[in-house]
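Letter by letter, the sequence shown follows residues -12 to 319 in my numbering.
Even glycine gets a Cβ: it sits at the ideal position worked out from N, Cα and C.
What follows is one structure encoded as structure tokens, with my remarks underneath.
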Amino acid sequence: MRDLDEGVLVAAQTDWAPAIPASLPTRLAELTTMWLSRQRSVHTRTAYRRDLWQWGDWCAATGRNPLTARAADLDAWIVEQRATGARGKPAAESTIARRLSAVASWYDYLIVNTGADPEPLITYNPTQAAARPRIDPDDSSTVGLARPEADRLLAQARADSLTSHALILLLLVAGLRVGSAIGARIEDLGTDRGHRVLNLTVKGGRRRRVPLPPALAHSINEMLAERGSPEQGPLFVTPSGLGIYELYVHRLIRRLARHAGLAAAGALSPHSLRHTAITEILDATGGDLRRAQDFAGHADPRTTRRYDRRRDQLDNHGAYLLAGRFGDSEPA
-12 MRDLDEGVLV AAQTDWAPAI PASLPTRLAE LTTMWLSRQR SVHTRTAYRR DLWQWGDWCA
48 ATGRNPLTAR AADLDAWIVE QRATGARGKP AAESTIARRL SAVASWYDYL IVNTGADPEP
108 LITYNPTQAA ARPRIDPDDS STVGLARPEA DRLLAQARAD SLTSHALILL LLVAGLRVGS
168 AIGARIEDLG TDRGHRVLNL TVKGGRRRRV PLPPALAHSI NEMLAERGSP EQGPLFVTPS
228 GLGIYELYVH RLIRRLARHA GLAAAGALSP HSLRHTAITE ILDATGGDLR RAQDFAGHAD
288 PRTTRRYDRR RDQLDNHGAY LLAGRFGDSE PA
């Protein structure tokens, strides 16, 4: 599959099998663009575009035509992702499920909009019969940080730059999804009843007002003052002045973690900081699920409950109880 930076899926004959008539790529590109554009969240559009690219790229590499694909083709794609993933290592089941969900949505959109045409692009959704991964609601590859580790990461961020410190502090204190943080703009800063606030676009395209405690507000003010106190534009920018993006944040966190000597540096992600923040709220409130749900912005309380269960799975694991019984044993 070719470039999707414009949000357009180009299904050229050289990419997606010779069976696609020359008249179809334009129609396919138009519908795919609209399918992406109708997603209210920029983060969702980016994720859908990337997931669809993965499917199209695999089809091109294996000589398949996605418009005539069968469930067995999706199954083959799933099997390969489990073996090698996108970068030579197995993909997580949750990642595979997310990609399949995006592709399924795309197929549904094509069916709804062309199913009644004299020559529909596609008349059935092959993902419906594919072997969708079963996701354990309590399983997650996200690695969190203990309080001392978070402190060390923040100290390293402060030593790195004012921008790094403000960004890491925002992610840890407000527990934001990375998409909300990178989409924040200077114009979104404001006040409400004496609170310094940041008005953000969150998951689902909703707007949410997040308070900025004094330490966080001061860190953001320091960052902006260093840049000449601009009144508009992206809140966070790279050293070259461009708005930050998800991969930049991902790399920044891992680099700071390595320099801070954190054991899990290679496994950390932006979501690790959100995971850490939600877990800290649960710890600080004695497991108050409603307060944690409001903090995290979870639409479903079961999502918040998952964080609480994972917290208990480690902190109260029976292995710690048995360590006193068996831990002191020396091998013969």
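Looking at the strands, I want to know which residues DSSP matches up with residue i.
{"i": "D179", "result": "H182"}
{"i": "V224", "result": "G230"}
For residue i, name the three-state secondary structure that DSSP assigns.
{"i": "R214", "result": "coil"}
{"i": "L187", "result": "strand"}
{"i": "R195", "result": "strand"}
{"i": "A310", "result": "helix"}
{"i": "R172", "result": "strand"}
{"i": "R119", "result": "coil"}
{"i": "Y294", "result": "helix"}
{"i": "L157", "result": "helix"}
{"i": "V130", "result": "coil"}
{"i": "H285", "result": "coil"}
{"i": "E136", "result": "helix"}
{"i": "Y94", "result": "helix"}
{"i": "S148", "result": "coil"}
{"i": "D(-10)", "result": "Residue confidence for D(-10) is low, a pLDDT of 38 falling below 50, so the modelled location carries little weight and cannot support an answer."}
{"i": "P105", "result": "coil"}
{"i": "P113", "result": "helix"}
{"i": "Q219", "result": "coil"}
{"i": "R238", "result": "helix"}
{"i": "P201", "result": "helix"}
{"i": "L163", "result": "coil"}
{"i": "N100", "result": "helix"}
{"i": "N303", "result": "coil"}
{"i": "I207", "result": "helix"}
{"i": "L141", "result": "helix"}
Measure the Cβ-Cβ separation of residue i and residue j and say whether it is below 8 Å.
{"i": "S256", "j": "I240", "result": "yes"}
{"i": "L61", "j": "T114", "result": "yes"}
{"i": "E80", "j": "L249", "result": "no"}
{"i": "S216", "j": "A153", "result": "no"}
{"i": "R164", "j": "V189", "result": "yes"}
{"i": "R90", "j": "D44", "result": "Residue identity differs from the one stated: residue 90 is Val in this sequence, not Arg. Taking 8 Å as the Cβ cut-off, V90 and D44 do not qualify as a contacting pair."}
{"i": "L108", "j": "L15", "result": "yes"}
{"i": "F282", "j": "G162", "result": "yes"}
{"i": "G284", "j": "R195", "result": "yes"}
{"i": "Y235", "j": "I265", "result": "no"}
{"i": "E67", "j": "L149", "result": "no"}
{"i": "I169", "j": "L211", "result": "no"}
{"i": "A78", "j": "Q143", "result": "no"}
{"i": "L18", "j": "N100", "result": "yes"}
{"i": "I65", "j": "A118", "result": "yes"}
{"i": "P288", "j": "L276", "result": "yes"}
{"i": "L187", "j": "D179", "result": "no"}
Tell me the rounded alpha-carbon separation between residue i and residue j.
{"i": "E233", "j": "P105", "result": "42 Å"}
{"i": "D(-8)", "j": "I83", "result": "Note that D(-8) scores 35 on pLDDT, short of 50, meaning its location in the model is unreliable and no value can be drawn from it."}
{"i": "H182", "j": "T129", "result": "32 Å"}
{"i": "T278", "j": "F223", "result": "For the sequence presented, residue 278 should be read as Arg rather than Thr. Roughly 28 Å between the two C-alpha positions."}
{"i": "T31", "j": "N303", "result": "36 Å"}
{"i": "R214", "j": "L141", "result": "21 Å"}
{"i": "A48", "j": "V29", "result": "28 Å"}
{"i": "L159", "j": "A56", "result": "43 Å"}
{"i": "E337", "j": "P200", "result": "Past the boundaries of the shown model lies residue 337; the chain is included only from -12 to 319, so the question cannot be answered."}
{"i": "G131", "j": "W42", "result": "30 Å"}
{"i": "R85", "j": "L260", "result": "21 Å"}
{"i": "G102", "j": "W93", "result": "13 Å"}
{"i": "A58", "j": "A251", "result": "38 Å"}
{"i": "A133", "j": "T263", "result": "8 Å"}
{"i": "G50", "j": "T272", "result": "55 Å"}
{"i": "T225", "j": "A146", "result": "16 Å"}
{"i": "P221", "j": "R245", "result": "27 Å"}
{"i": "R27", "j": "F313", "result": "55 Å"}
{"i": "V197", "j": "L157", "result": "10 Å"}
{"i": "T13", "j": "T33", "result": "21 Å"}
{"i": "R298", "j": "A171", "result": "30 Å"}
{"i": "A324", "j": "L54", "result": "Nothing about residue 324 can be read from this structure; the chain reaches only from -12 to 319."}
{"i": "R305", "j": "K76", "result": "For the record, residue 305 in the displayed sequence is Gly; it is not Arg. Computed Cα separation, rounded: 32 Å."}
{"i": "G230", "j": "D138", "result": "26 Å"}
Under the criterion of a Cβ to heavy atom distance below 7 Å, does residue i qualify as lining the ligand SAH?
{"i": "V184", "result": "The ligand SAH is absent from the structure shown, which contains no ligands of any kind."}
Original post:
What alpha helix (DSSP H) runs, 4 residues minimum, are completely inside the segment 241 to 279?
Top reply: 257 to 271
**OP:** Scan the segment 11 to 86 and note each continuous alpha helix (DSSP H) run of 4 residues or more that stays entirely inside, going in chain order.
**Re:** 11 to 24, 29 to 49, 58 to 70
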